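Enquirer: Protein sequences appear in the order of chains B and S.
With the numbering used here applied, the first sequence covers 222 to 632.
With the numbering used here applied, the second sequence covers 222 to 632.
From the three backbone atoms N, C-alpha and C, an ideal C-beta is built for every residue, glycine too.
All values reported here derive from a predicted model rather than from experimental measurement.
Please see the structure below; I have some questions.
Protein chains: 2
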Amino acid sequence: MADPERIKAVAEHVAYTKRHGNDVVVVVSAMGKTTDNLISLANQVSSTHPGRELDMLLTTGERISMALVCMALADIGIDAVSFTGSQVGIITDTVHTKAKILEVKGDRLREALSAGKVAVVAGFQGVSTEREITTLGRGGSDTTAVALAAALNADVCEIYTDVTGVFTADPRIVPQARKLQQLDFEEMLEMAGAGSKVLALRSVEFARNHNVPLHVRSSFTWETGTWVLDRSAQISSKETAMEEPIISGVVQDTGESKITVVGVADKPGISAALFEPLAAANINVDMIVQNTSKDGRTDISFTAPKADLKKALEIVNGVAKEIGANDVTHVESVAKISLVGAGMRTSPGIAAKMFRVLAAAGVNIEMISTSTIRVSVVVDAASTETALRALHTAFGLDSGQAYSAPLPERK
Amino acid sequence: MADPERIKAVAEHVAYTKRHGNDVVVVVSAMGKTTDNLISLANQVSSTHPGRELDMLLTTGERISMALVCMALADIGIDAVSFTGSQVGIITDTVHTKAKILEVKGDRLREALSAGKVAVVAGFQGVSTEREITTLGRGGSDTTAVALAAALNADVCEIYTDVTGVFTADPRIVPQARKLQQLDFEEMLEMAGAGSKVLALRSVEFARNHNVPLHVRSSFTWETGTWVLDRSAQISSKETAMEEPIISGVVQDTGESKITVVGVADKPGISAALFEPLAAANINVDMIVQNTSKDGRTDISFTAPKADLKKALEIVNGVAKEIGANDVTHVESVAKISLVGAGMRTSPGIAAKMFRVLAAAGVNIEMISTSTIRVSVVVDAASTETALRALHTAFGLDSGQAYSAPLPERK
Numbered sequence: 222m223a224d225p226e227r228i229k230a231v232a233e234h235v236a237y238t239k240r241h242g243n244d245v246v247v248v249v250s251a252m253g254k255t256t257d258n259l260i261s262l263a264n265q266v267s268s269t270h271p272g273r274e275l276d277m278l279l280t281t282g283e284r285i286s287m288a289l290v291c292m293a294l295a296d297i298g299i300d301a302v303s304f305t306g307s308q309v310g311i312i313t314d315t316v317h318t319k320a321k322i323l324e325v326k327g328d329r330l331r332e333a334l335s336a337g338k339v340a341v342v343a344g345f346q347g348v349s350t351e352r353e354i355t356t357l358g359r360g361g362s363d364t365t366a367v368a369l370a371a372a373l374n375a376d377v378c379e380i381y382t383d384v385t386g387v388f389t390a391d392p393r394i395v396p397q398a399r400k401l402q403q404l405d406f407e408e409m410l411e412m413a414g415a416g417s418k419v420l421a422l423r424s425v426e427f428a429r430n431h432n433v434p435l436h437v438r439s440s441f442t443w444e445t446g447t448w449v450l451d452r453s454a455q456i457s458s459k460e461t462a463m464e465e466p467i468i469s470g471v472v473q474d475t476g477e478s479k480i481t482v483v484g485v486a487d488k489p490g491i492s493a494a495l496f497e498p499l500a501a502a503n504i505n506v507d508m509i510v511q512n513t514s515k516d517g518r519t520d521i522s523f524t525a526p527k528a529d530l531k532k533a534l535e536i537v538n539g540v541a542k543e544i545g546a547n548d549v550t551h552v553e554s555v556a557k558i559s560l561v562g563a564g565m566r567t568s569p570g571i572a573a574k575m576f577r578v579l580a581a582a583g584v585n586i587e588m589i590s591t592s593t594i595r596v597s598v599v600v601d602a603a604s605t606e607t608a609l610r611a612l613h614t615a616f617g618l619d620s621g622q623a624y625s626a627p628l629p630e631r632k
Numbered sequence: 222m223a224d225p226e227r228i229k230a231v232a233e234h235v236a237y238t239k240r241h242g243n244d245v246v247v248v249v250s251a252m253g254k255t256t257d258n259l260i261s262l263a264n265q266v267s268s269t270h271p272g273r274e275l276d277m278l279l280t281t282g283e284r285i286s287m288a289l290v291c292m293a294l295a296d297i298g299i300d301a302v303s304f305t306g307s308q309v310g311i312i313t314d315t316v317h318t319k320a321k322i323l324e325v326k327g328d329r330l331r332e333a334l335s336a337g338k339v340a341v342v343a344g345f346q347g348v349s350t351e352r353e354i355t356t357l358g359r360g361g362s363d364t365t366a367v368a369l370a371a372a373l374n375a376d377v378c379e380i381y382t383d384v385t386g387v388f389t390a391d392p393r394i395v396p397q398a399r400k401l402q403q404l405d406f407e408e409m410l411e412m413a414g415a416g417s418k419v420l421a422l423r424s425v426e427f428a429r430n431h432n433v434p435l436h437v438r439s440s441f442t443w444e445t446g447t448w449v450l451d452r453s454a455q456i457s458s459k460e461t462a463m464e465e466p467i468i469s470g471v472v473q474d475t476g477e478s479k480i481t482v483v484g485v486a487d488k489p490g491i492s493a494a495l496f497e498p499l500a501a502a503n504i505n506v507d508m509i510v511q512n513t514s515k516d517g518r519t520d521i522s523f524t525a526p527k528a529d530l531k532k533a534l535e536i537v538n539g540v541a542k543e544i545g546a547n548d549v550t551h552v553e554s555v556a557k558i559s560l561v562g563a564g565m566r567t568s569p570g571i572a573a574k575m576f577r578v579l580a581a582a583g584v585n586i587e588m589i590s591t592s593t594i595r596v597s598v599v600v601d602a603a604s605t606e607t608a609l610r611a612l613h614t615a616f617g618l619d620s621g622q623a624y625s626a627p628l629p630e631r632k
């Protein structure tokens, strides 16, 4: 929802889908800079932003969008009706600015759909069990869409973004990147967790848990985007089965810092002493590496969001004294590079090949972590482009039809 | 609520009043250009603005203001909580964009006040008996404030505007204009009806009907403004009783056009044929003058808002043909000049003096209408300044203490 032009484009897509016999519920986000502008206003009037009032302030952005989308639809002959999160019965807990959805009632949505209307719902917001307006935090609008799709048992939840789908790598860095035709939920989860910005992790988790097929696409074009589906629901043919790729994509995350606690005693309870206070401060620690012990002492490194670096250092410096560590060092900006692919489960040696490729490209690996379908390494931030391009080429993502299966028909 | 500075100024006033032992409910309007910007967005996306969606869109303006006011209050140590019209139980009828208040529940307001909090309420909005968000139309925020003051049996409803009170004339036109210390509801009603922009007619009516004392003042200064009170509640002393003025003020309204239907048959039913379709089109006809009949035919002139001139002319031209009128003429811009004063009831000759003063100033009178406490004339728009200044001086408004009574003490 960037601007009025975008709203009109979305209305065209909605009208098309509706006219082809589908019931449509539209979930909107705030327009372009609306949220930033509101936060700027808040900063101008006060340094104190109570969560309840901040939520009241920020939820206006989606309300503006939803009213405008309804007007744009009315203009092209589609009968639409807007609903706030509260009106549509998105019941949340009472945690302002990052509420969790407890229940979706949806009675008014069903009424509107039965009456042949398109329903337009404000994303990112709900009403708490205490009758207060709440917001869902990051990725809130996507989460609203998936939650409503699940509650209404929708055929598909289309996510309109500013890109045409999920790519094998960030096309701004790897020009040869290709759009993926489909992905399974686990792969999308790993990609989101590894730093892909296309879909919020939380909304993918919600979609997986409720088995809601997602279609990631752009409101600026009519082309098919990327489907995110349960593995069993994926479209395959003999050819695609034969050429099913091992790797779906390479993802970078450049928003992290690395902190190392040097020379701590290698004994039980040290990790807990370090990471418990970080967790209590809501600092999202990502990768953790502990060196081999030497003379009964070791180094512990971990990554955390750049935005939390200052707070994390304060905590770690305090803990370091308590546990008798020699020193605390940090690198403000590191890059995490991840290879993601469901095929990894049955293909050994992916990690080894990854390390070889990076070594050949002259990229030094600082940390490593893996899941069954992902290998992530932390490298110097300056090596991001080199690492991404080398891996994209080496794992055969540059060319060929990774997923050549026919697409689900547009209804 | 012009901008962040204004919001902080309002917060200071609220904090002062709260700290002096008062329970305070603040009703906010949208900031400066917010409403215009929202309407502009609506025009950009669509030429169709369903009332329900327009109300949803416009009500965001007050929500932004109320959250910001709460934050500004929190910053100076005042515990405040915001409420939408819906949350506070302002129940309206179902007429979108100009709903009427049916009931004010106010339970959550009373709870907040009992808890020692300042309540900040979004003006201009309510929730309909059909659970839809509605807006109250023009003067909606003032009306909300008066309605809440009545429901809560408040000591006073303070109206903060961009002027320091109600003046004997518009100070931009008549530099000698003085601020009035008090007025009764009837006078304020006549002034609002005659074109004074300080208070919306509707909110004054509401205040009179529920006997809510109003205090019109500026958020930029701490000086006392103008009190609008029931006649019996006005503060008087011997001196003021002796010098009670006949005229409280001179008011201009330059937002009207004049239409004349020339040469219509002087017979029953003609007026109805003319004015019924205008009323059906929601055109607010103000003054009507019918000339003395001559040869069984007459001319009918009336004034209507400039904004409705085009629509009014279409209707009148249609009717003119049907009723066999000779012609329809119009003046796009006329000025209505009104003298208002409760003392007129007991002072004969005010109208005659007014006509004499205007004649001496070379101002031609085109139409006349009167009430018991008001005389209005329509003059050429170019004569507005001359007429206002001549009347202001002639009726002794330039100098002297028209209302020299002591003011109600600030609590």
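Of all the CB atoms in chain B, is at least one closer than 9 Å to the CB of residue 311 of chain S?
Expert: By 1-based counting over the second sequence, the position of residue 311 of chain S is 90. Not an interface residue.
Enquirer: So which residues on chain B does residue 265 of chain S lean against when the C-beta distance must stay under 8 Å?
Expert: Counted from its first residue, the second sequence places residue 265 of chain S at position 44. Within chain B, the residues near residue 265 of chain S are 225.
Enquirer: Evaluate residue 328 of chain B with the Cβ neighbour count: other Cβ atoms within 10 Å of its Cβ, from every protein chain shown; 16 or more gives buried, anything less gives exposed.
Expert: As a working note, residue 328 of chain B is residue 107 in the first sequence. By the neighbour-count rule (16 or more Cβ atoms within 10 Å), residue 328 of chain B is not buried but exposed.
Enquirer: Find the residues of chain B that neighbour residue 228 of chain S, judging by a C-beta separation of less than 8 Å, and give them in chain order.
Expert: Taking the second sequence and counting its residues from 1, the one referred to as residue 228 of chain S is at position 7. The contacting residues are 266.
Enquirer: In the DSSP assignment, find the alpha helix (DSSP H) that holds residue 532 of chain B and state where it starts and stops.
Expert: Indexing the first sequence from 1 puts residue 532 of chain B at position 311. Segment 530 to 543, the alpha helix (DSSP H) holding residue 532 of chain B.
Enquirer: Can the beta-carbon of residue 377 of chain S be found less than 9 Å from the beta-carbon of residue 290 of chain S?
Expert: Residue 377 of chain S sits at position 156 when you count from the first residue of the second sequence. Residue 290 of chain S sits at position 69 when you count from the first residue of the second sequence. Not a contact, by the Cβ cut-off of 9 Å.
Enquirer: Which whole-angstrom value is the C-beta distance of residue 486 of chain B and residue 518 of chain B, which I expect to be below 8 Å?
Expert: The residue labelled residue 486 of chain B in the question sits at position 265 within the first sequence. The residue labelled residue 518 of chain B in the question sits at position 297 within the first sequence. That belief holds up - the Cβ atoms of residue 486 of chain B and residue 518 of chain B are roughly 6 Å apart, short of 8 Å.
Enquirer: Where does residue 446 of chain S fall in DSSP's three states?
Expert: Taking the first residue of the second sequence as 1, we reach residue 446 of chain S at position 225. In this structure, residue 446 of chain S counts as coil in the three-state DSSP scheme.
Enquirer: Between the C-alpha atoms of residue 279 of chain S and residue 389 of chain S, what's the straight-line distance to the nearest angstrom?
Expert: To locate residue 279 of chain S, count along the second sequence from 1; it is residue 58. To locate residue 389 of chain S, count along the second sequence from 1; it is residue 168. Computed Cα separation, rounded: 34 Å.
Enquirer: Quick one, which residues of the stretch 235 to 260 of chain B are near chain S if we go by CB-CB under 9 Å, in chain order?
Expert: Cβ contacts with chain S come from 252, 259.
Enquirer: So, is residue 618 of chain B buried or exposed, given that buried needs 16 or more other C-beta atoms within 10 angstroms?
Expert: In the first sequence, counting from the first residue as 1, residue 618 of chain B sits at position 397. Buried, by the Cβ-count rule.
Enquirer: By the DSSP assignment, the beta strand (DSSP E) with residue 557 of chain B in it spans what residues?
Expert: Residue mapping note: residue 557 of chain B aligns to position 336 of the first sequence, counting from 1. Start and end: 548 to 561.
Enquirer: So the candidates are B/534, B/302, B/399, B/427; which of them puts its Cα closest to the Cα of residue 548 of chain B?
Expert: The sequence position of residue 548 of chain B within the first sequence is 327, counting from 1. Among B/534, B/302, B/399, B/427, the Cα nearest to that of residue 548 of chain B is on B/534.
Enquirer: Can you tell me whether residue 328 of chain B sits near the ligand ATP, meaning its C-beta is under 8 Å from at least one heavy atom of the ligand?
Expert: Absence of the ligand ATP is noted for the structure shown, with no ligands found whatsoever.
Enquirer: Along the chain, where does the beta strand (DSSP E) containing residue 391 of chain S start, and where does it finish?
Expert: Numbered from its first residue, the second sequence carries residue 391 of chain S at position 170. Run containing residue 391 of chain S: none; DSSP gives neither H nor E here.
Enquirer: Check the Cβ-Cβ distances between residue 280 of chain B and every residue of chain S, and say whether any is below 9 Å.
Expert: As a working mapping, residue 280 of chain B is identified with position 59 in the first sequence. Interface residue, yes.
Enquirer: Output the residue ranges of the alpha helix (DSSP H) runs that lie fully inside the stretch 245 to 330 of chain S and measure 4 residues or longer, sorted by chain position.
Expert: The qualifying runs are 255 to 266, 272 to 279, 281 to 296.
Enquirer: Under 9 Å, Cβ to Cβ, is there at least one residue of chain S near residue 288 of chain B?
Expert: For the purposes of this step, residue 288 of chain B is taken as the residue at position 67 of the first sequence. Yes, contact with chain S.
Enquirer: Under a Cβ-count criterion, where at least 16 other Cβ atoms within 10 Å of its own Cβ denotes burial, should residue 403 of chain B be classed as buried or exposed?
Expert: As a working mapping, residue 403 of chain B is identified with position 182 in the first sequence. It is buried - the Cβ of residue 403 of chain B has at least 16 other Cβ atoms within 10 Å.
Enquirer: If you reduce the DSSP assignment to three classes, tell me which class residue 502 of chain B lands in.
Expert: As a working note, residue 502 of chain B is residue 281 in the first sequence. Reduced to three states, the DSSP call for residue 502 of chain B is coil.
Enquirer: Nearest CA to the CA of residue 322 of chain S: which residue from S/593, S/330, S/331, S/312?
Expert: The residue labelled residue 322 of chain S in the question sits at position 101 within the second sequence. With distances taken between Cα atoms, residue 322 of chain S lies closest to S/312.
Enquirer: Looking at the unbroken alpha helix (DSSP H) that takes in residue 525 of chain S, where does it start and where does it end?
Expert: As a working note, residue 525 of chain S is residue 304 in the second sequence. Counting along the chain, residue 525 of chain S falls outside any alpha helix (DSSP H), though it belongs to the beta strand (DSSP E) covering 518 to 526.
Enquirer: Can you check whether the CB of residue 448 of chain S is closer than 9 Å to the CB of residue 435 of chain S?
Expert: Position 214 of the second sequence holds residue 435 of chain S. Position 227 of the second sequence holds residue 448 of chain S. Yes, these two residues count as a Cβ contact at 9 Å.
Enquirer: Can a CB atom of chain S be found closer than 9 Å to the CB of residue 352 of chain B?
Expert: If you number the first sequence from 1, residue 352 of chain B lands on position 131. It does; some Cβ of chain S falls within 9 Å.
Enquirer: Using DSSP with H/G/I as helix, E/B as strand and the rest coil, what is residue 578 of chain B?
Expert: Along the first sequence, one-based indexing puts residue 578 of chain B at 357. DSSP places residue 578 of chain B in helix when its eight states are reduced to three.
Enquirer: Is the number of C-beta pairs between the stretch 597 to 604 of chain B and the stretch 236 to 251 of chain S that are closer than 8 Å three or more?
Expert: No: the two stretches stay apart, fewer than three of their Cβ pairs being nearer than 8 Å.
Enquirer: Just the Cα atoms here: how many angstroms apart are residue 505 of chain S and residue 498 of chain S?
Expert: Walking along the second sequence from the start, residue 505 of chain S turns up at place 284. Walking along the second sequence from the start, residue 498 of chain S turns up at place 277. Looking at the two C-alpha atoms, the distance is approximately 11 Å.
Enquirer: Assign residue 460 of chain B to one of two classes, buried (16 or more other C-beta atoms within 10 Å of its C-beta) or exposed (fewer than that).
Expert: For the purposes of this step, residue 460 of chain B is identified with residue 239 of the first sequence, where counting begins at 1. Legend: pLDDT at residue 460 of chain B = 43, less than 50; position of this residue unreliable, value from coordinates given subsequently. The residue is exposed, with fewer than 16 neighbouring Cβ atoms inside 10 Å.
Enquirer: Taking the CB atoms as reference points, tell me whether residue 303 of chain S and residue 381 of chain S lie closer together than 9 Å.
Expert: Translated into the one-based positions of the second sequence, residue 303 of chain S becomes position 82. Translated into the one-based positions of the second sequence, residue 381 of chain S becomes position 160. Contact flag unset, no.
Enquirer: Identify, in the order they occur along the chain, each residue of the same chain with its Cβ nearer than 8 Å to the Cβ of residue 416 of chain S, setting aside the five sequence neighbours on each side.
Expert: For the purposes of this step, residue 416 of chain S is taken as the residue at position 195 of the second sequence. Result list for residue 416 of chain S: 472, 473, 474, 475, 476, 557, 559, in chain order.
Enquirer: If you follow the beta strand (DSSP E) that residue 480 of chain B is in, where does it begin and where does it stop?
Expert: If you number the first sequence from 1, residue 480 of chain B lands on position 259. Looking at the DSSP string, the run of the beta strand (DSSP E) that includes residue 480 of chain B is 470 to 486.
Enquirer: Opposite residue 591 of chain B in the DSSP bridges: which residues?
Expert: Counting from 1 along the first sequence, the entry for residue 591 of chain B is found at position 370. Per DSSP, B/596.
Enquirer: For residue 285 of chain S, which residues from the same chain have a beta carbon less than 8 Å from its beta carbon, with the 5 sequence-adjacent residues on both sides left out?
Expert: Sequence index remark: in the second sequence, residue 285 of chain S carries index 64 (1-based). Excluding positions up to five away in sequence, the list reads 251, 252, 255.
Enquirer: Might you give, ordered along the chain, the residues of its own chain that have their beta carbon closer than 6 Å to the beta carbon of residue 463 of chain B, omitting 5 neighbours on each side?
Expert: Locating residue 463 of chain B in the first sequence gives position 242, where the first residue counts as 1. A caution first: residue 463 of chain B carries a pLDDT of 46, below 50, which makes its placement in the model too unreliable to give a value.
Enquirer: How many whole angstroms separate the CB atoms of residue 248 of chain B and residue 357 of chain B, which I take to be in contact at a CB cut-off of 8 Å?
Expert: For this step, residue 248 of chain B is matched to residue 27 along the first sequence. For this step, residue 357 of chain B is matched to residue 136 along the first sequence. Rounded, the Cβ-Cβ distance is 11 Å, inconsistent with contact.
Enquirer: Give the residues of chain B in contact with residue 270 of chain S, contact being defined as C-beta atoms less than 7 Å apart.
Expert: Taking the first residue of the second sequence as position 1, residue 270 of chain S is located at position 49. Those within 7 Å of residue 270 of chain S in chain B are 292.
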